[in-house]
Every structure is written in C-alpha cells, then in structure tokens.
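In what follows, a single structure is set out as structure tokens and then discussed.
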Ligand SMILES: Nc1ncnc2c1ncn2[C@@H]1O[C@H](COP(=O)(O)OP(=O)(O)O)[C@@H](O)[C@H]1O
Ligand SMILES: [Mg+2]
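Protein chains in written order, with our numbering: chain Z, 254 to 517; chain H, 6 to 314; chain D, 754 to 1103.
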C-alpha cells in the first residue's frame, strides 16, 4: 500500500493511543488544584504530592509488592509448565496448559468474581496474599506465551548434544535450557509485573480498600473527587511501562518475543 | 496472546524435544505438581464455585448459604437484566468492529516495516495495553471534558462555538473500549501478520493486482483465522470491562459487569452476581464461537483437495 | 534479437537501503527475446536489481526503459512482468490452477475460461495432472514449475526468475536448466534469471551479467566471459583459475617466473613494464614429463585426484600450487613441466 496511506494509518493509531496521555500529562502540570488543559502554568508539585502523601504512596508500595510477588508466581507456574510441554509428553500437561492460557478467554469481571468467591469460601477475603495469588494465576498466560515462543526455537539437538557429553536432565536444564530462555522469562516477568501493577477489577474484588492498590485508589478518587495527583500518577505509570518494555526491547528481540519468526 | 497461527505449509515445524512419558521417571510429574495445583485452585475451582453459587441462597447476615434455588437465574434473566445483556453485547460488538477496522490494516502495515522500526510502535502498544483501565477511564474523561478536553481545541480553531462535555455518554464508552481493545488486537494479530510471507502480496502485484486487490484476494484469506480469533478475544475482553462503562457511561450504558460488580460488592448479593456471570459467560462464549465461525467461513475454499485424476 | 520484443535498457541505476548500497551505477542493455543470467556471489545486489526491474523496489537513481517506454515510475501491477520468486510465493489458500489463473482473475477473465488457460500453461510446464491440488501437496520441483506457469500466464513482456533452481537437488537442477532454456526458446519472452551458480549461468544464458561488489563487472556471452574475463573478480568467480604474478614484456607477451609466454591477443593488455596477474584455466595447462618446446614452468606434483571425467593434478611451482585438469598419468612427488598455452593466458591488472 502506498507510503501515504501507511503514514496516515500510523499517525491515526499513534494519535489515538497518545492523545489521552497528552491531556493527562498536561493536566498534571497545573499549579493549582484544577484540571485544565492546556495547563494554567507549569508545576511539578503534584508529582511531589504523589511521593509525599501517604494516601498516595502507600497504595503505590502495595501495588509494587503485589506486582512483584504476582509476577514471581506467574513465572513459577509458567516455567515448569512450558518446560514439561516442550521436553516431555505428558497427557494432562495439555489440560494444565489450557488452564494457564484460559484467563484471557474469559471476561475479566468473571475472573474477578471467581477470585472473590474463592477467597470468601477460604475465609481469607481481604488479605494481601489473595490478590497476589489471584493475579499470579491470572497473569500466568503472559510468561507462558513468551516461554513457549522461546522454547519452540530451542533446537532439540542442543539437548541431545549435551547428553552425548554426559549431561543429565537437571544439568541440561541448568546449562542449556535456562540460559537460553532467560530473555523470554524476563520478558514474561515484565509483562506480568506491569499488568499486575495496573490491574483493577481483581484487586478490587479480592482486597478492595483493606489493602488498597493504586488502581483501586485512583478509581476511588475518580468517583469522589478528581485531583491533578491522579494525572501525575497516571503519567508515572505510563512512563514505568514504557521504560520497562523499552528495556525488554533493548535486551531482547521484541518482535521475536511477540511471536514473529526468527530472522536476521 | 501470541498464539502462533502461521499459514500451513510455510511454518517451520516447532522445535520440540518431547519424549514419551515412559522412562522419564517422576520428573515431569514433580515439575507439573505446582502448576497443576495452583491453576486448579486459583482458576478452575473459582469457576466451579461461581457455577454452584448461582443456585445458592443469599442470606442477610453473611454472604450465602448452600441451597438449590432458581430465583437467582430467574432474576438474572428478567427484562431489566436481559436489556443490560443486550446493551453489553451490542456495545462490545460495535467496539470489536471498530477495533478490527483499525487493527488489521495497522498491524499489516506495521509488520511490513523493518524489524527495528517496529520496536517503538510495539513499545507504545504494550504500554497502552498494560495501562490500567482506571487510568484509561480517567484520561478519556479528561479528554472529553469541558474544561480540559478536545472541545477546547475545536473552539480554538473555530469549529465549535463553546466547549462541550462529551463524557459520560455512549461516544466516551466506545472510544475508551476501542482504546483498550486496540493494543490487544494488534498483539494478537502480530504473530500471524509478521509471519505472512512478504512475497505473497508482491507476487499478486506482479500479476496485475493493485495493492488493495492483493490485500483482499491474498492477505485477507490467509489471515482470516487470526482476524476472527482476534475478534473473539477482543469481544470477550471488552464485554468483561467494568470501569469504563461505570465511569464513562450513563446508566443507559451500564453493562453486565457493572451489574455484576454492583451485586457482588455493593448489594452483597453473591448468588445473583454469580448467576449473572454465568449468563454472561454462556452468551459471550456463544458469540465468540459465532464470530470465529463467521470469520473463517466467509472465504470458503474454492475447491477441496482432490486426488489427481 | 527478436524484432517485436523491445530491449530492456538500464541507465545509471542505483539503490540504497539506508546506509547500505545495494546497487551502484548499473548500466545494461538486454536484447529483447534473449535469456539473460545475472550471476554473482550472495549479497552483490542481484535480487535487488531484479526487484527494481519488476517494480517491487524504487531505484534511488537511474532509469529503466523497455523499448521507448520509461518504466522507472510505473508501479509493479502495471508493469507487465511475470516473476518467479525464490520462495516461489505460491498462494497456499488457492489450488494449483487457481494460482496459475490468479492474474487472469484480476483481469476479470471468466472462471471457466481462465481455468482452461491455466490447464494449458500447466501442460506447457509438463504438469498436466495437478490442477486441483493444493500447493502443500506438491514437491519442490513441481512448485517450481507451477510458479513458472503462473508467471507466464499473462504473456508478460519480461519473465523474471530469482534463483529458481537453487532449492532443487543437483540432478533435478540440471534437468530443469535444459527445460527452462527450451521453454524460453518456445515462448520467446525476454527472460532474466538470477543465480549465484556460475555454471548454471553458463549453461543457460545467451548473455551473462557478472555482478560483484554491487555493480556490474562484465557483460557478455558465456564463452566470452569464460575465456576473456576483464578483471580478476570475474576470472576468479567464473570457473576455476590459476593466478600467477607476471610482468608485461611486449604488447602480446608476459614474463612469468622468468618464462616468456604469449597472452590472449583480443584483450587489452596493460602497458609494457607493468606488473600484472595472469590467469590460466586448469584445462588450458598441460603436464609434460620432459621440457616442452613452448613456455613451461617446472614443479613437483603435490596431489592427484581422479574425478572421473578428468584427473586433477596439483603442482607446486616455486611458492605456488597450480591446478591442472587433464588426463593425469603422474604421481605425487613426480617432477613435471607445466606447459603454458599459446595465446591462452589472460593478463589482468594486478
Ligand atoms: N530490504 C532491504 N533492506 C536493507 N538492505 C537490503 C534489503 N534488501 C537487500 N539489502 C541489502 O542489499 C544488498 C544486496 O542484496 P541482494 O540484492 O539481496 O543480494 P543478492 O540477491 O545478490 O544476494 C545486501 O547487502 C543486502 O543486505
Ligand atoms: Mg538474492
């Protein structure tokens, strides 16, 4: 298709994805407690508030903790699962795999309601570990996808070569497989981490206000009074996501991680 | 997300070192123990609980008691909730359609670029995908508001007389739906599109097909499965969104997730929330299957493989 | 060649991809109706040149003319070319016949009519029985023929093939070279075949274009390229060659290791006194047990390999190893004379 058409298409999509953020970034710079765009002046005070007001930084710390542990759990499920799928032929592994990939085929609100019901039944509704575990299981899909892509590309003859040199199962994993999939593992971790950081509905239904995460806090502010701090926080969130994904793009081959063929 | 769906005959056989279970000892089972337990407890069991919960009785003092009643489903299927269901489905279908109309050409054009040039766009798409629905709702409410929105821009360039507020309302909900669905659709289409042999549309060109004709006669038939699957994925994703209709919609746009959350959290009526969720699950699955069937059936094979005469 | 087929003229053609120069100042005139081979090592720009001719790449500089029609800015779908891609680029969602008939479908030819035409073309490439098969059911050799039939379906002005035989095994490849040559004679369309295999180019082409270092190194009929390479690159790339340092001592003679020998007369020879490299084909050299009358170099046989149709003998002469192809009859360690051909050496600027 013509170059002109391509440029128009790219401009439309980029504008669509960036316009809301431009407005949010502008609003976050207002010196007064108003939501004007373009801003009335230039001030970074709301960024200061985000870091100094415990009403904002506590949820931020909660979110970071949840995201870290949830991403670890997601990876801890995805790594052995994808490895067994690649290395062995086990009947029920496919069913487990399906469970790992299914959450993205369900309306998110249903996953959240399921988590709520589960933790009520287990009588631990509202405790921090509930959101960690539910996020972990929900986000397993992401490292599972990146690891599957990575392993698909690992030549099985490498394993056979290692075995001819005397390596056993565990050694093969440590010396060949793990170093090879490390970038895919890292990418999967980052994807799960960033998505957990931003996830609202599961967090809301499992811990709600008892262990408030940032999205829950923002949502509450959305209903009970806007403030430019929300804009500052949103900008920070987007910046963190861009930085982390750009890092992944630096360290690894992003097109390849997202499923493109290996190519020079 | 990146389920590879390369065209037949062209995909390199996926590498696999799979060996049969016999002789491998307990290792695979030991490795699978944690994933199996974790996913069963955290994914399968909750779905089972919801399925059962729909028939339980709500009690005022606590959450619910075990019973077998059908009034929850009776309420979930009453005129009000059926109307909400219809609204939810129509909105989600509209958003899916718009999303595909943007995502299919965008992803196609993106994957025709050199790899290095794609990376900034992929980073933007990933960052947008991960952006909290809460932040998306907040951002669009600002963008469409009277004090800080685009209407000010339109006033400034003389298109409008006075700034207006477009949120909450139907356009706000749809715009934000497409915003959250677009990155998901792009990433879901990406593997198939980037594996599409660049030379196929080129070959069509050498035989006289304009770029558009080549896209319609060669590219679309080859990616139709991926497009249909993406449509289903996006539909389900949008249908399950809560914050956007709740924040950017008027009551007329309050969808099933709003009702479900309302019942589960505000009204403390878990059995009704569960039966609504099951209704939503069934309807969304049926429509998702229909989308896939519709998408893959549109370009039927012109001739079935036959043996040589 | 043929009166009704216009020549393809390429003038000052250049193509860069960012900082990479893929083509640098290409000037060519390809006679209408001829079979031309572009040959050169991988990465030298052959595919790029073919794609520029097809209209799949826009040149950075230069012009492209077919007769008096300027093609430079004509988009691919209006250029009237038939192309066989290296990967064949057959449409996996269509049957063989539908692939062949694709261009006719784009032109709006009725289904029955175009499928009948597809069948004719499949017969032309000797695949009468595969019309209803899917591409995935075909072998590599069959795919190759289908791709050719498809490219010829619209009776194009140019027939372009990018390494059409490189995916086939050696036996099949040789058969296809003959068949391709015969097919081209029959349809008479101006044809360009890209290959990295110089033997293949020699075996098929009316005209060989040797490319190297992203430019055209030499253009000529196969035998001329083989016998009279214009520079060391061509001499080295086309066929096998021995290279010896020498000095020009007359307008038709050089001195090699103290021996005076005549060089090919129909090539420009560098001025007397300049240092040159002479090239000698292995089959132009003769081995003698005794010193012959003509110019010869003395050496020791270092290796003998019987290759069936010829014996390859390697002879150490001073610091160099010369390869001689012939009837053999010598053993490792034998003292021999390597006789230099009369007027068979090519003097190349050093
Ligand atoms: N699309 C492209 N983008 C960037 N560089 C390219 C592209 N196509 C070809 N090149 C470069 O141009 C040069 C010539 O390539 P090509 O024409 O494919 O060579 P050949 O077919 O002779 O092997 C190479 O250095 C190659 O890397
Ligand atoms: Mg090439």
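By construction, the Cβ of each residue, glycine as well, lies at the ideal position given by its N, Cα and C atoms.
Distance CB(residue i)-CB(residue j) smaller than 8 Å
i	j	result
residue 504 of chain Z	residue 436 of chain Z	yes
residue 865 of chain D	residue 878 of chain D	no
residue 431 of chain Z	residue 396 of chain Z	no
residue 233 of chain H	residue 223 of chain H	no
residue 921 of chain D	residue 965 of chain D	no
residue 136 of chain H	residue 370 of chain Z	no
residue 832 of chain D	residue 807 of chain D	yes
residue 362 of chain Z	residue 471 of chain Z	no
residue 108 of chain H	residue 274 of chain Z	no
residue 185 of chain H	residue 237 of chain H	no
residue 767 of chain D	residue 815 of chain D	yes
Limits of the unbroken beta strand (DSSP E) element including residue i
i	result
residue 1126 of chain D	Because chain D in this structure spans residues 754 to 1103, residue 1126 of chain D falls outside the shown range and cannot be described.
residue 281 of chain Z	Residue 281 of chain Z -> no beta strand (DSSP E), and no H or E assigned at all.
residue 212 of chain H	No beta strand (DSSP E) contains residue 212 of chain H, which DSSP labels as neither H nor E.
residue 999 of chain D	995 to 1003
residue 911 of chain D	911 to 915
residue 726 of chain D	The requested residue 726 of chain D is not part of the displayed model; chain D covers only 754 to 1103.
Contacts that residue i makes with chain D (C-beta to C-beta distance below 8 Å)
i	result
residue 202 of chain H	840, 842
residue 112 of chain H	In chain order: nothing, as chain D lies at least about 19 Å away.
Distance cut-off 7 Å: residue i Cβ against heavy atoms of ligand 2
i	result
residue 800 of chain D	yes
residue 916 of chain D	yes
Neighbour flag for residue i against chain H, beta carbons, 8 Å
i	result
residue 807 of chain D	yes
residue 266 of chain Z	yes
residue 769 of chain D	no
residue 448 of chain Z	yes
residue 254 of chain Z	Reliability of the predicted coordinates at residue 254 of chain Z is poor, the pLDDT of 49 falling under 50, and no value is obtained from them.
residue 442 of chain Z	no
residue 945 of chain D	no
residue 931 of chain D	no
residue 860 of chain D	yes
residue 835 of chain D	yes
Ligand 1 heavy atom lying under 7 Å from the CB of residue i
i	result
residue 775 of chain D	yes
residue 770 of chain D	yes
residue 795 of chain D	yes
Unbroken alpha helix (DSSP H) run spanning residue i, endpoints
i	result
residue 1056 of chain D	It is not in any alpha helix (DSSP H) - residue 1056 of chain D instead sits in the beta strand (DSSP E) that spans 1049 to 1059.
residue 339 of chain H	Any question about residue 339 of chain H goes unanswered here, given that chain H covers just 6 to 314.
residue 110 of chain H	84 to 116
residue 955 of chain D	951 to 957
residue 1090 of chain D	Note, residue 1090 of chain D: premise wrong, no alpha helix (DSSP H); beta strand (DSSP E) at 1088 to 1092.
residue 1008 of chain D	Segment 1006 to 1009 is the beta strand (DSSP E) holding residue 1008 of chain D; no alpha helix (DSSP H) there.
Minimum Cβ-Cβ distance from residue i to chain B less than 8 Å
i	result
residue 483 of chain Z	No chain B is present in this structure, whose protein chains are Z, H and D.
Interface residues of chain H facing residue i [CB-CB closer than 7 Å]
i	result
residue 941 of chain D	Under the 7 Å cutoff, chain H gives no residues; its nearest Cβ is about 19 Å from residue 941 of chain D.
residue 336 of chain Z	36
residue 315 of chain Z	The premise fails here: residue 315 of chain Z is roughly 14 Å from chain H at the closest Cβ pair, so nothing lies under 7 Å.
residue 288 of chain Z	147, 152, 153
residue 387 of chain Z	47
residue 390 of chain Z	43, 44, 47, 48
Neighbouring residues, chain D, relative to residue i (Cβ below 9 Å)
i	result
residue 217 of chain H	Near residue 217 of chain H there are no residues of chain D at all, since even the closest Cβ is about 10 Å away, more than 9 Å.
residue 169 of chain H	Those do not exist, as residue 169 of chain H stays about 45 Å from chain D at its closest Cβ, beyond 9 Å.
Any C-beta of chain D under 8 Å from that of residue i
i	result
residue 214 of chain H	yes
residue 226 of chain H	yes
residue 208 of chain H	yes
residue 49 of chain H	no
Listed by chain order, chain D residues near residue i by CB distance under 7 Å
i	result
residue 223 of chain H	844
residue 300 of chain H	Within chain D, no residue comes near residue 300 of chain H; the closest Cβ sits about 14 Å away, beyond 7 Å.
Neighbouring residues, chain Z, relative to residue i (Cβ below 7 Å)
i	result
residue 88 of chain H	Those do not exist, as residue 88 of chain H stays about 18 Å from chain Z at its closest Cβ, beyond 7 Å.
Residue-chain proximity (residue i, chain Z), Cβ-Cβ < 8 Å
i	result
residue 55 of chain H	yes
residue 277 of chain H	no
residue 120 of chain H	yes
residue 172 of chain H	no
Proximal residues of chain H, C-beta to C-beta of residue i below 8 Å
i	result
residue 907 of chain D	212, 213
Neighbour list for residue i in chain Z, Cβ cutoff strictly below 9 Å
i	result
residue 195 of chain H	508, 511, 512, 513
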